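Converting from the sequence shown to this note's numbering requires adding 340 to each position, the first position being numbered 1.
C-beta atoms are modelled at their ideal positions from N, C-alpha and C, and glycine is treated no differently.
Model, not experiment: these values are computed from the prediction.
Report on the following structure.
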Amino acid sequence: MAEVSKSSVIQELITENEHGQRLDNLLLKKCKGVPKSHVYSIVRSGQVRVNGRRTAVSYRLQIGDVVRIPPMRTAQVEQEVVDGAALKAQLPVVYEDEGLLVVDKPAGLAVHGGSGESFGVIEALRRQRPQARFLELAHRLDRETSGLLLIGKKRSVLLVLHEMFRAGARGGSERGADKRYQVLVAGRWMDPVRKVRLPLLKYLLPSGERRVRVADDGKVAYTVFRLLARWEHFSLLEAELKTGRTHQIRVHLAHLGFPIAGDEKYGDFALNRILTRDGLKRMFLHATKMTMPHPQDGREMMLEAALPSALAQFLRNVSKKERQDYGEPV
Numbered sequence: 341m342a343e344v345s346k347s348s349v350i351q352e353l354i355t356e357n358e359h360g361q362r363l364d365n366l367l368l369k370k371c372k373g374v375p376k377s378h379v380y381s382i383v384r385s386g387q388v389r390v391n392g393r394r395t396a397v398s399y400r401l402q403i404g405d406v407v408r409i410p411p412m413r414t415a416q417v418e419q420e421v422v423d424g425a426a427l428k429a430q431l432p433v434v435y436e437d438e439g440l441l442v443v444d445k446p447a448g449l450a451v452h453g454g455s456g457e458s459f460g461v462i463e464a465l466r467r468q469r470p471q472a473r474f475l476e477l478a479h480r481l482d483r484e485t486s487g488l489l490l491i492g493k494k495r496s497v498l499l500v501l502h503e504m505f506r507a508g509a510r511g512g513s514e515r516g517a518d519k520r521y522q523v524l525v526a527g528r529w530m531d532p533v534r535k536v537r538l539p540l541l542k543y544l545l546p547s548g549e550r551r552v553r554v555a556d557d558g559k560v561a562y563t564v565f566r567l568l569a570r571w572e573h574f575s576l577l578e579a580e581l582k583t584g585r586t587h588q589i590r591v592h593l594a595h596l597g598f599p600i601a602g603d604e605k606y607g608d609f610a611l612n613r614i615l616t617r618d619g620l621k622r623m624f625l626h627a628t629k630m631t632m633p634h635p636q637d638g639r640e641m642m643l644e645a646a647l648p649s650a651l652a653q654f655l656r657n658v659s660k661k662e663r664q665d666y667g668e669p670v
């Protein structure tokens, strides 16, 4: 895909990778550093044309369309993105074929740039793979969360992945994606299996930071927790996401009185300071397993990302200090 130019008109030919995408989304992706208001303005004024005609921002692009994109000056952020991507672009690949890429995202790396982050996983991958015409996130993980992250290498695959995640959230007979996480919480969790349905509402702090809380007028959120191991002061759980709300696992657990070890947004801040001295320098939440049909041929896939060595070592340290009374010995 050609880059937007500050001195000449670009004629963009739409292929299967852009088929079905809204015109405004295509432009916002291509015009990094250009204010969104300006992008919408040039469409309304007719400077952007599809097949020589004025077109609404909501137009769904078709294979063979030609999009005229006028010259635009972009913000000078390229060097910062390059430096960041060069530093953290070596992401472990769990699985890859012609349409799907699965990586094991480390904690501390955002999935995309924005919200104070100059770069993320997707920018790093695009920098690492300049020949790839299409790389788009199929879902998201919090910056503080590690583990399985799916990227579509074709728009057709991306759309199927999106539908799988929606089907998984709806339940029923549809074949969706089954997402599992491992999480260490403060406290003694007693139920072998606990189904948690608590609605979640997004809100902003006075500082502008985004947060989530349990609220009756929030969106439906459903998590299934299974107890894997328990010690005197900690419990290791498996969390199965039935819906995919922002910060869902973190807020559900905090609301129930079992904050995630190392969670700096919703956790026990005094305990976190102690845990940092004991060697836990991140939130203990890892996307460890996903089972789903392959988005192209339907064969059953089981994707796994082993618990990071720092988290595994912290569990061993807990077992040395505390008696374990549930689950397989750690």
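In whole angstroms, what is the alpha-carbon distance linking residue 681 and residue 666?
No answer is possible for residue 681: it lies beyond the span of the chain, which begins at 341 and ends at 670.
What's the call for residue 556, buried or exposed, on a 16-neighbour Cβ count within 10 Å?
As a position in the sequence shown, residue 556 is number 216, starting the count at 1. So residue 556 counts as exposed.
Locate the alpha helix (DSSP H) running through residue 369, then write down its first and last residues.
Position 29 of the sequence shown, counting from 1, holds the residue named residue 369. Residues 363-370.
Check each candidate in 655, 586, 390, 616 and name the one with the smallest Cα separation from residue 541.
Sequence index remark: in the sequence shown, residue 541 carries index 201 (1-based). Here the closest residue by C-alpha is 586.
Is the region 579-598 touching the region 549-568, taking contact as three or more C-beta pairs under 8 Å?
They touch, by the three-pair rule.
Specify the secondary structure class of residue 644 as computed by DSSP and reduced to three states.
Mapped onto the sequence shown, residue 644 falls at position 304. If DSSP states are grouped into helix, strand and coil, residue 644 belongs with the strands.
So, for residue 388: in the same chain, excluding its five sequence neighbours on each side, which residues have a beta-carbon less than 8 Å away from its beta-carbon?
As a working mapping, residue 388 is identified with position 48 in the sequence shown. Answer for residue 388: 363, 367, 382, 395, 407, 408, 409, 410, listed in chain order.
Just list the alpha helix (DSSP H) runs in the region 575-640, keeping only unbroken ones of 4 residues or longer that don't cross its boundaries, in chain order.
The region 575-640 contains these whole alpha helix (DSSP H) runs: 588-595, 609-617.
Report the rounded CA-to-CA distance for residue 517 versus residue 486, giving the unit in angstroms.
In the sequence shown, the residue the question calls residue 517 occupies position 177. In the sequence shown, the residue the question calls residue 486 occupies position 146. Taking the straight line joining both Cα atoms gives about 18 Å.
My understanding is that residue 571 touches residue 664, with C-beta atoms under 8 Å, so please give their C-beta distance in whole angstroms.
Working through the sequence shown from its first residue, we reach residue 571 at position 231. Working through the sequence shown from its first residue, we reach residue 664 at position 324. Yes, they are in contact, since the Cβ atoms of residue 571 and residue 664 sit about 5 Å apart, within 8 Å.
Measuring CA to CA, which of 503, 519, 574, 552 is closest to residue 658?
Locating residue 658 in the sequence shown gives position 318, where the first residue counts as 1. Comparing Cα positions, the closest option is 574.
So, using beta-carbon positions, are residue 434 and residue 445 closer together than 8 Å?
Position 94 of the sequence shown, counted from the first residue, corresponds to residue 434. Position 105 of the sequence shown, counted from the first residue, corresponds to residue 445. Not closer than 8 Å, so no.
Taking DSSP's pairing of strands, which residues face residue 526 in a bridge?
One-based indexing of the sequence shown puts residue 526 at position 186. In the DSSP output, where bridge partners are listed per residue, residue 526 has 574.
Across which residues does DSSP place residue 656 in a beta bridge pair?
For the purposes of this step, residue 656 is taken as the residue at position 316 of the sequence shown. Note: residue 656 sits in no beta bridge, so no partner.
For residue 566, I'd like the list of residues in its chain whose CB is within less than 6 Å of its CB, leaving aside the five on either flank, ordered along the chain.
One-based indexing of the sequence shown puts residue 566 at position 226. Closer than 6 Å at the Cβ level, and outside the excluded window around residue 566, lie 533, 578.
How do the region 490-507 and the region 346-361 stand: do at least 3 beta-carbon pairs fall below 8 Å, yes or no?
Verdict: yes, contact present.
Ends of the beta strand (DSSP E) at residue 350?
Indexing the sequence shown from 1 puts residue 350 at position 10. Residue 350 -> beta strand (DSSP E) spans 350-353.
Grouping DSSP H, G and I as helix and E and B as strand, with all else coil, what is residue 533?
Stepping through the sequence shown from its first residue, residue 533 is reached at position 193. Residue 533 falls in the strand class under three-state DSSP.
Which of helix, strand or coil does DSSP assign to residue 549?
Position 209 of the sequence shown holds residue 549. Reduced to three states, the DSSP call for residue 549 is coil.
Taking all protein chains shown into account, do 16 or more other C-beta atoms lie within 10 angstroms of the C-beta of residue 284, making it buried, or fewer, making it exposed?
The requested residue 284 is not part of the displayed model; the chain covers only 341 to 670.
Which residues in the same chain have their Cβ closer than 7 Å to the Cβ of residue 528, if we skip the five residues on either side of it in sequence?
Mapped onto the sequence shown, residue 528 falls at position 188. Within the same chain, residue 528 has close Cβ partners 570, 575.
State the beta-bridge partners of residue 563 as determined by DSSP.
The count along the sequence shown starts at 1 and reaches residue 563 at position 223. Answer is 536, 581.
Can you tell me where the beta strand (DSSP E) with residue 481 in it begins and where it stops?
Here residue 481 corresponds to residue number 141 of the sequence shown, with the count starting at 1. No beta strand (DSSP E) holds residue 481; DSSP gives it neither H nor E.
Hey, would you say residue 522 sits closer than 8 Å to residue 647, going by beta carbons?
Counted from its first residue, the sequence shown places residue 522 at position 182. Counted from its first residue, the sequence shown places residue 647 at position 307. Yes, the pair counts as a contact, with Cβ atoms nearer than the cut-off.
Out of 448, 476, 393, 582, state which residue places its alpha-carbon closest to the alpha-carbon of residue 499.
Taking the sequence shown and counting its residues from 1, one reaches residue 499 at position 159. Nearest of 448, 476, 393, 582 to residue 499, Cα basis: 476.
My understanding is that residue 525 touches residue 601, with C-beta atoms under 8 Å, so please give their C-beta distance in whole angstroms.
The residue you call residue 525 lines up with position 185 of the sequence shown. The residue you call residue 601 lines up with position 261 of the sequence shown. So it is a contact: roughly 7 Å between Cβ atoms.
What are the boundary residues of the alpha helix (DSSP H) that residue 379 is part of?
Walking along the sequence shown from the start, residue 379 turns up at place 39. From DSSP, the alpha helix (DSSP H) with residue 379 extends over 376-384.
Bridge partners of residue 445, per DSSP?
Position 105 of the sequence shown, counted from the start, is the residue given in the question as residue 445. Paired residue(s): 487.
By the DSSP assignment, the beta strand (DSSP E) with residue 436 in it spans what residues?
As a working mapping, residue 436 is identified with position 96 in the sequence shown. Looking at the DSSP string, the run of the beta strand (DSSP E) that includes residue 436 is 433-436.
Mapping DSSP to helix, strand and coil, what is residue 416?
Numbered from 1 along the sequence shown, position 76 holds the residue referred to as residue 416. In this prediction, residue 416 has a pLDDT of 42, which is less than 50 and means its spatial position is unreliable; what the coordinates show is noted afterwards. DSSP places residue 416 in coil when its eight states are reduced to three.
On the DSSP letters alone, give me the boundaries of the beta strand (DSSP E) that residue 409 sits inside.
Counted from its first residue, the sequence shown places residue 409 at position 69. It spans 406-409 - the beta strand (DSSP E) in which residue 409 sits, taken as one unbroken run.
How long is the line joining the alpha carbons of residue 427 and residue 502, rounded to whole angstroms?
As a position in the sequence shown, residue 427 is number 87, starting the count at 1. As a position in the sequence shown, residue 502 is number 162, starting the count at 1. Note that residue 427 scores a pLDDT of 44, beneath 50, so its modelled location is shaky; the value from the coordinates is reported in the next line. C-alpha separation (whole angstroms): 30 Å.
Ordered along the chain, which non-local residues of its own chain (more than five positions away) have a Cβ less than 8 Å from that of residue 544?
What you label residue 544 is simply residue 204 of the sequence shown in a count that begins at 1. These residues qualify, in order along the chain: 550, 551.
Give the DSSP bridge partners of residue 519, in chain order.
To locate residue 519, count along the sequence shown from 1; it is residue 179. Bridge partners of residue 519: 581, 630.
Nearest-angstrom Cα distance between residue 536 and residue 400?
In the sequence shown, residue 536 corresponds to position 196, counting from 1. In the sequence shown, residue 400 corresponds to position 60, counting from 1. Looking at the two C-alpha atoms, the distance is approximately 38 Å.
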